[in-house]
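Notes to accompany the following structure.
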Amino acid sequence: EINLYMYLYFVIFIIFGAFFTLNLFIGVIIDNFNQQKKKI
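Residue 26 in the numbering used here sits at position 26 of the sequence shown; the count goes up by one each step and never skips.
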């Protein structure tokens, strides 16, 4: 019973972590793209 909750928590944590990292990465790319457009 306890193992199931630990596993569920771990899976949710991994999904949130992956989403947050992806969001951060995309944000940096968009920011760089906008800065490059301003230079031109």
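Glycine is no exception: its CB is placed at the ideal position from the N, C-alpha and C atoms.
Given the structure is predicted, the values throughout are model-derived calculations rather than measurements.
* If you draw a straight line from the C-alpha of L8 to the C-alpha of T21, how long is it? -> Here residue 8 is taken as the residue at index 8 of the sequence shown, counted from 1. Here residue 21 is taken as the residue at index 21 of the sequence shown, counted from 1. In this structure, the alpha-carbon of L8 lies about 20 Å from that of T21.
* DSSP three-state assignment for I12, whether helix, strand or coil -> The count along the sequence shown starts at 1 and reaches residue 12 at position 12. I12: helix per DSSP, three-state reduction.
* **Own chain, CB closer than 6 Å to K39, minus 5 neighbours either side, in chain order** => For the purposes of this step, residue 39 is taken as the residue at position 39 of the sequence shown. Taken in chain order, the list of residues that qualify is empty.
* What does a CB cutoff of less than 6 Å around L4 pick up in its chain, not counting 5 residues either side in sequence? -> Here the question's residue 4 lines up with position 4 in the sequence shown. Taking C-beta separations shorter than 6 Å and ignoring five residues to either side along the sequence, L4 has no partners in its chain.
* Asked: Which class does I2 belong to by DSSP, given the choice of helix, strand or coil?
  -> On the sequence shown, position 2 is the one that residue 2 refers to. Helix at I2.
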